[in-house]
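There are 2 protein chains.
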Amino acid sequence: MIVFASFRGRLIARGNEPPIGQRFSCLSFNSVVSAQTILACDSSRHCDNMVSTSAPTPNSSNQAPINPMESLGAERKSPSFPVREMTYFVDGDKEATLLKEEIMLELERDPNWKIDDYPNLSLAEIRERTMAKVRRMADDLLTKSKEQVFQKMAMISVVDPGFWTRFGVHIGLFFGALQGQATPSQLSYWLERGAMTMQGIIGCFGMTELGHGSNVAGLETTATFDKNTDEFVIHTPTITATKWWIGGAAHTATHCAVYAQLIIDGKRYGVKTFVVQLRDPETFQLMPGVNIGDIGKKMGRDQIDNGWIQFTNVRIPRSHMLMKHTKVTREGKVIDPPMAQLAYGALILGRVSMVNDSGNVSKRALTIAIRYAAIRRQFASGPGQVETKLLDYPIHQHRLIPLLAQTFAMIFGAREMNTNYQNLMAQINSEKQENMQALLENLKETHATSAGLKAFCTWMCLNIIDQCRQSLGGHGYSAYTGLSTSYQDFVVHCTWEGDNTILTLQCGRYLVSMANQAKKGKPLPKNMSYLGEFVKSRTHPSCKGVSVEDVCSFKTLREAWGCVAANAIIQAANEFEEALKKGLDKDAAYEQCSASRLHAARMHVFTHLFNRFSEAAEASPDSLRPTLTKLAVLFATHSATQHSGEFLQCGYYNNEQIYTIKRHVSELCADLRNDAVSIVDSFNYSDYVINSPLGCFDGNIYVKYFDLVKRNNPQNEIPYFEKLIKPLLNRSVDSDGGPELEIDQEE
Amino acid sequence: MIVFASFRGRLIARGNEPPIGQRFSCLSFNSVVSAQTILACDSSRHCDNMVSTSAPTPNSSNQAPINPMESLGAERKSPSFPVREMTYFVDGDKEATLLKEEIMLELERDPNWKIDDYPNLSLAEIRERTMAKVRRMADDLLTKSKEQVFQKMAMISVVDPGFWTRFGVHIGLFFGALQGQATPSQLSYWLERGAMTMQGIIGCFGMTELGHGSNVAGLETTATFDKNTDEFVIHTPTITATKWWIGGAAHTATHCAVYAQLIIDGKRYGVKTFVVQLRDPETFQLMPGVNIGDIGKKMGRDQIDNGWIQFTNVRIPRSHMLMKHTKVTREGKVIDPPMAQLAYGALILGRVSMVNDSGNVSKRALTIAIRYAAIRRQFASGPGQVETKLLDYPIHQHRLIPLLAQTFAMIFGAREMNTNYQNLMAQINSEKQENMQALLENLKETHATSAGLKAFCTWMCLNIIDQCRQSLGGHGYSAYTGLSTSYQDFVVHCTWEGDNTILTLQCGRYLVSMANQAKKGKPLPKNMSYLGEFVKSRTHPSCKGVSVEDVCSFKTLREAWGCVAANAIIQAANEFEEALKKGLDKDAAYEQCSASRLHAARMHVFTHLFNRFSEAAEASPDSLRPTLTKLAVLFATHSATQHSGEFLQCGYYNNEQIYTIKRHVSELCADLRNDAVSIVDSFNYSDYVINSPLGCFDGNIYVKYFDLVKRNNPQNEIPYFEKLIKPLLNRSVDSDGGPELEIDQEE
């Protein structure tokens with residue numbers, strides 16, 4: 001059997017060396033292998049020494065184990081920048097930091113907010129505990145300022161993403177729908193009944209259906225007007241029309257904002273929104289004609305009770321259709337609303353928050369991975385030597401340090417995005433909207449950039465989480481070390497709020513339109529100026545420098561990325577034009593160049609992030625600028641090595657310069673390694689927020705990890721020993737071959 | 001609050017168009033958003049139409065929903081190749097296919113092997129059900145052939161990876177250790193006691209410790225010889241010495257193969273292996289001095305009960321030390337074994353199996369994603385049109401079709417790897433090992449290639465799983481659609497059996513040594529011939545062609561990839577030499593060039609996979625060759641676009657040729673799209689193995705998905721309504737401001 005061959009002689013040793021299978025245990029298991037072996041995986045020198053014949057390090061085992069806390073403490077001895085200053089700068093200012101610290105303390109001290117036992121809770125237990133947290137947050141809505149609630153939700157999005165979703169469904173989606181779509185008298189009607197504060201009403205948001213997502217115009221649920229009774233009849237005609245993924249429907253909501261096809265006298269008027277009661281708030285019994293079920297387990301975020309809903313001819317008064325925009329009269333006359341392109345503005349904030357979340361979640365992942373790498377030791381560099389820290393291996397630096405740079409890029413990208421958004425909304429909401437055209441241009445640009453940032457930042461963060469998790473070796477696979485669940489919760493960010501791929505295409509579509517504007521010599525918005533300059537200058541720029549200083553300066557890197565992004569955009573625009581020439585309609589032509597649009601969006605977003613990052617570094621205090629500058633250059637150069645083909649194709653860098661950049665990436669990783677622990681310290685997350693024993697501030701990782709595992713897994717009797725194990729151990733497999741046949745004896 | 005602004009006016013409509021928020025709902029949620037919105041995500045034309053002003057498709061909702069089964073059936077009407085032939089070719093031959101079908105049927109019919117309710121089972125329930133399966137497999141060991149067991153385990157690795165691990169711990173690791181390290185009399189002693197068949201003994205494998213993984217020489221557990229009693233004393237001296245991740249220890253094992261430092265008269269002799277009894281098989285009580293706990297929840301594979309073990313001066317007879325190699329006499333004299341480099345061979349099979357597993361798991365993921373994409377419709381191309389299939393969108397083809405090509409590359413790469421391994425082991429095990437030197441060279445080459453393949457194929461498969469999951473839109477986040485759990489189970493492959501990063505470095509170290517051999521004009525093994533040719537030819541090759549046929553032929557692509565790989569290897573070798581010149585020792589020099597070694601390994605593995613794939617295509621039957629050729633070219637060209645910088649830097653392709661390649665990738669995706677469903681059909685997995693309603697063969701995805709969700713989540717009362725929800729709904733938050741102060745009235 002396989003295992004025989006593969007294990008034969010595994011531990012034969014040679015000379016005085018320890019047995020090979022022991023020296024290289026991380027390689028020595030055959031495919032039938034247990035999770036124990038996943039510990040055998042940390043980056044190391046000798047482990048990587050497989051086919052060489054260099055001597056092993058038997059003496060390393062004589063070394064007394066190094067104190068983990070001392071290992072981490074040593075990293076903090078001489079940071080090259082003031083850590084607290086960095087915290088203020090990254091948070092925005094000192095006040096922002098103090099508010100975050102207040103929120104972390106508040107959550108940590110609230111027994112409702114215990115989170116370190118999540119891995120062992122059942123779906124039912126998680127749902128119940130989450131509901132227990134909802135009340136306090138509901139009261140916060142009455143007692144706290146918008147800024148306080150916003151900041152608290154942002155922190156909760158790192159601490160407990162599933163709660164963030166469950167709470168958000170009511171206030172963000174259901175009440176948000178009332179805000180956006182109810183008439184003043186409708187809104188006050190629902191407010192009086194506690195629709196905002198959950199005093200009588202808890203809402204959910206009934207848009208998506210089993211067979212219909214993006215194309216809301218294709219929803220099947222119907223709302224048919226009955227003129228005789230002045231009612232709408234809400235109905236689910238098919239299985240694919242079943243409302244699906246409705247957060248809060250399974251366990252929580254009394255009411256639902258239902259999206260359905262308005263039908264009057266057999267004519268369809270498109271999808272409108274109707275408030276439908278689901279349950280009796282006194283008994284929680286389902287209302288007649290309403291059928292609801294639990295959608296159950298998900299990859300993550302089990303705190304939120306997503307459900308499905310089917311309506312069977314449920315009648316509601318006409319006044320339950322939200323009529324801020326489209327109105328239906330007593331006679332069944334439909335009055336359409338005036339135009340309002342400005343609604344686009346509403347699409348942006350979600351993206352901004354998710355870009356922000358990407359930075360925040362990355363901060364946590366890197367705090368865990370870098371503190372662990374500064375403590376965990378594997379293999380000695382020679383006989384009698386202390387084992388080497390993971391963080392001292394160049395390859396481990398290459399794994400983690402560039403991710404630190406990406407995290408800063410997302411933080412500063414999110415900050416500028418948020419500022420632009422605030423200005424835009426102020427502009428939109430100001431009574432006198434002079435210069436409407438400029439406003440709309442600003443709107444389009446902000447929308448496109450936010451779409452691109454949301455997609456690439458959530459993808460970037462997801463990669464950071466898993467890279468950090470893998471860098472923990474086997475311990476990263478445990479549910480108690482904080483990154484496996486983080487991945488499972490975060491990954492949905494890449495899908496909701498618009499599938500990332502679709503968002504990149506929207507961004508790309510805008511970039512193509514900008515290219516055409518530029519060709520016509522029209523002015524472009526500030527963020528697109530690099531494209532305008534590129535199109536203007538008939539002669540394409542290229543890097544003349546040779547030294548690292550010349551090749552990797554902010555100025556050069558900005559020009560380089562601008563050149564690459566402009567090149568990609570123009571490429572997509574040309575493909576679009578060619579498709580039109582071939583006679584395709586506009587939409588078909590855009591589909592034809594979709595791969596190039598996606599690529600153009602990626603190059604644009606990296607360029608955008610680097611520009612924001614480098615500007616922030618330049619604007620930073622003298623004490624922080626050297627560190628932030630190194631990180632910004634690392635972001636740009638590391639990303640450039642990932643896309644070196646683009647730089648060579650547009651002729652900005654030549655072969656030699658690309659090699660110079662690759663070398664510089666290694667130099668920057670080695671340099672920043674010395675500040676790595678101080679940098680993650682500056683992220684200033686408490687151990688409660690980190691919620692991983694391997695990332696704790698004091699470095700006492702093994703004791704805390706062991707304690708956490710024991711607390712969550714008390715030693716009990718094995719429940720199925722008598723039933724399953726004992727019979728297995730005691731079984732006999734003897735079987736006679738049946739009776740001897742005479743015919744066999746005759747032979 | 002954020003939600004107000006972000007929802008304000010979201011549903012304001014313009015002209016006769018449906019409200020914007022409805023047309024673009026996938027974009028319209030603010031960050032406080034529920035999982036329902038993740039349905040709103042499928043790739044689509046109009047959804048991607050955000051900032052354009054083209055007309056919406058209100059009529060699409062008038063379309064009767066298309067029958068999903070008809071949608072899928074239409075895809076099977078005219079495959080361009082014989083599907084069953086492809087199955088035989090991919091499986092190896094007809095017999096292999098029939099055996100797989102027999103195994104699938106056997107598992108599907110066995111009630112113990114029910115798997116579609118896993119998402120809702122508790123950790124305890126999963127553990128118990130898995131134990132119930134163990135017995136039947138234990139009997140298989142007695143009744144089935146090696147090949148049957150091997151194939152069954154390979155299939156189980158797709159169906160239930162956690163069981164595969166739990167069963168493998170006993171037979172692969174524990175019994176494998178006895179096989180490899182026990183003397184003949186020791187082995188028969190343990191065999192008599194049922195150590196192989198679990199009749200009296202169930203084993204686990206006690207190597208890794210909380211603080212020690214790769215560096216087994218650094219393990220802390222001690223085995224001290226007591227001359228007076230002829231016993232070893234097994235002891236855990238520190239917390240970091242706690243045996244950790246020990247699969248089967250928490251619930252299952254009676255005995256453990258313990259790796260510990262052999263100490264005699266105060267002198268250390270390195271790590272040896274000792275059989276220690278953990279539990280009384282009659283009562284399952286822990287033996288004196290043995291303390292065990294459960295490590296609990298993991299990211300996946302909860303079927304296996306990983307545990308921790310601490311020994312406190314546990315005494316075992318001297319004869320329980322496995323002495324096939326190192327021996328300890330009654331007087332405490334240590335006799336070291338003869339050398340035996342051939343043990344390297346044992347390291348390879350595990351990798352081969354994991355490369356094989358990568359192909360098998362990818363087949364399943366793509367079957368689900370492609371069948372869904374052939375059924376799911378989103379947005380009509382015009383008023384009154386039927387909605388478009390996801391698979392018809394070029395961007396969706398770009399997302400999935402190249403992954404199909406990668407899957408075939410892994411399948412053929414694994415097959416050749418397996419053949420080489422079998423030949424190698426035969427060579428090793430043959431009595432007369434004439435030409436030992438050639439054997440050792442073969443061994444090194446096979447080892448290095450398997451290390452590289454394991455790393456890059458497990459990473460590739462992991463990416464395929466998540467890309468397929470994301471391509472399902474919101475449904476991919478459900479635990480019932482089969483890909484979220486697959487990711488969580490598979491991801492550990494990237495860590496155990498040697499952390500992928502370490503394996504790439506080992507491969508890279510070998511490649512550097514090959515470069516130096518080549519420079520010295522020494523012959524290289526067949527798989528490395530491209531490097532030898534590259535070094536020999538002073539003039540570097542480059543592509544002269546212009547047409548797609550010239551630029552993307554097998555011949556050209558092989559030369560191109562060989563050129564790129566050789567270039568990367570020589571680059572790493574040069575960095576290594578420079579480091580030596582700077583005075584670093586060999587190990588330090590290898591660390592210095594680790595990033596370049598990793599890159600060289602990646603380029604080598606892609607080259608290797610393409611060479612195997614293209615050879616297989618050339619050797620395939622006429623009826624299959626056109627399809628396999630397209631897939632092989634897609635693999636090579638798509639991978640080339642991902643690393644275009646390498647091709648430009650080594651001067652093999654020029655800018656124009658790179659653009660030609662990029663265009664050809666799109667052409668191949670569009671072409672292969674027509675056979676996509678037939679290709680995944682040829683993978684020939686039963687619905688039981690697919691275990692995802694969205695990937696079922698008949699295409700009845702919505703009915704099966706809904707049924708599965710309902711079966712797993714029966715509608716019950718909400719348990720915490722009275723306790724938590726009712727008080728929330730009925731609460732009052734009125735609070736007076738305290739007594740009126742006289743001083744205030746005085747003012």
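Going down the list, the sequences are from chains A and B.
Numbering of the first sequence is given in UniProt numbering, commencing with residue 1 and proceeding in unit increments.
Numbering of the second sequence is given in UniProt numbering, commencing with residue 1 and proceeding in unit increments.
Note that the Cβ used here is the ideal one computed from N, Cα and C, for glycine as well.
Just so it is clear, the structure is predicted and the values come from calculations on it, not from any experiment.
Contact annotation: A:M86 and A:Y688 have beta-carbon atoms that are not nearer than 9 Å.
Within chain A, no C-beta atom comes nearer than 8 Å to that of B:W561; the closest sits roughly 15 Å away.
The C-beta distance from A:N291 to A:W245 rounds to 16 Å, too long to meet the 8 Å contact threshold.
In the DSSP assignment, A:K704 falls within the alpha helix (DSSP H) that extends over I701 to N712. Collapsing the DSSP output to three states places B:A154 in a helix. Against chain A, the beta carbon of B:E387 has neighbours under 8 Å at N215 and G218, listed in chain order. The C-beta distance from A:G296 to B:N691 rounds to 16 Å, too long to meet the 8 Å contact threshold. Counting only runs of 4+ residues, the alpha helix (DSSP H) found wholly inside the segment 388 to 447 of chain B occupies 394 to 429, in chain order. Using a Cβ-Cβ cut-off of 9 Å, A:P394 counts as an interface residue toward chain B, since at least one Cβ of chain B sits closer than that to its own.
By the CB criterion at 9 Å, A:P161 and A:R351 fall outside the cutoff. Residue environment for B:N313: exposed (fewer than 16 other C-beta atoms within 10 angstroms of its C-beta).
In the DSSP annotation of this structure, the continuous segment of the alpha helix (DSSP H) that includes A:E106 starts and ends at K94 to R109. For A:K710, a Cβ of chain B is located within less than 9 Å of the residue's own Cβ.
Taking 8 Å as the cut-off between beta carbons, the residues of the segment 505 to 529 of chain B near chain A are L505, Q506, R509, Y510 and S513, in sequence order. Any Cβ of chain B closer than 9 Å to the Cβ of A:H320 would place that residue at the interface, and such an atom is absent. By the rule that beta-carbons nearer than 9 Å mark a contact, A:I264 does not touch chain B.
Under the DSSP assignment, A:Y688 falls in the alpha helix (DSSP H) whose first and last residues are D687 to I690.
Counting only residues of its own chain and dropping the five nearest sequence neighbours on each side, B:D140 has a CB closer than 8 Å to the CB of Q148, V149 and K152. Exclusion of the five residues before and after B:L286 leaves L278, R279 and I292 as the residues of its chain whose Cβ lies within less than 7 Å of its Cβ. In the DSSP assignment, B:T273 falls within the beta strand (DSSP E) that extends over K267 to Q277.
Residues of the segment 157 to 174 of chain A that bring their beta carbon within less than 7 Å of a beta carbon in chain B comprise T165, G168, V169, I171, G172 and L173, in sequence order.
According to DSSP, residue pairing for B:K327 in a beta bridge involves B:I335.
Here A:N700 has P68 and M69 as same chain residues with Cβ atoms under 7 Å from its own Cβ, once five neighbours each way along the sequence are excluded. In the DSSP assignment, B:K298 forms a beta bridge with A:S478.
Taken through DSSP and simplified to helix, strand or coil, A:N291 comes out as strand.
A:I263 sits in a strand when the DSSP states are folded into three classes.
Using a Cβ-Cβ cut-off of 8 Å, A:Y372 is close to nothing in chain B; its nearest Cβ partner there is about 12 Å away.
Under a criterion of Cβ atoms nearer than 7 Å, the residues of chain A adjacent to B:I718 are, in order, H251 and F284.
Only residues of its own chain outside the window of five on either side were considered, and among them L557, W561 and F610 have a CB closer than 7 Å to the CB of B:A636, listed in chain order.
Annotation for B:F311: the continuous beta strand (DSSP E) segment containing it runs N306 to F311.
Every alpha helix (DSSP H) stretch that sits fully inside the segment 183 to 246 of chain B and reaches 4 residues is listed by chain position as 184 to 192.
About 5 Å separates the Cβ atoms of B:F554 and B:S614, confirming a contact at the 8 Å cut-off. For B:P402, the CB contacts under 8 Å within the same chain, skipping 5 residues up- and downstream, are L634, F635, H638, V665 and C669 in chain order. Residue environment: B:E209 is assigned as buried (16 or more neighbouring CB atoms within 10 Å of its CB, all protein chains considered).
A straight line joining the alpha-carbon of B:P727 with that of A:K243 spans about 28 Å. DSSP, reduced to helix, strand and coil, places A:P383 outside both helices and strands of the structure shown, so it counts as coil.
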